[in-house]
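Numbering (our numbering), first residue to last: 2 to 63. Inspection log for the structure reproduced underneath, given as structure tokens.
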């Protein structure tokens with residue numbers, strides 16, 4: 002397996018953003034698996050907005 006370094010250089014982030022284009026990143030898994038924690042970190046790392054679907058669902062159901 003080709004693992005990325007723990008702190009890849011900035012050009013790696015740029016390459017990821019370029020490959021991502023206008024697509025979204027979505028994490029799916031069981032409750033408590035860490036989706037929100039990882040999602041926040043990835044969003045911060047790539048300077049992208051983070052949207053928590055639980056919060057979105059709560060806001061429209063009021």
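Using N, Cα and C, we set each Cβ at its ideal position, and we do this for glycine too. Since this is a predicted model, take the numbers as computed values, not measurements.
- The three-state secondary structure of residue 35, taken from DSSP, is coil.
- The beta carbon of residue 26 sits closer than 7 Å to those of 43, all from its chain and outside the five residues before and after it, given in chain order.
- Proximity to residue 53 across 46, 45, 41, 47 peaks at 41, based on C-alpha coordinates.
- Here DSSP, grouped into helix, strand and coil, assigns residue 25 to coil.
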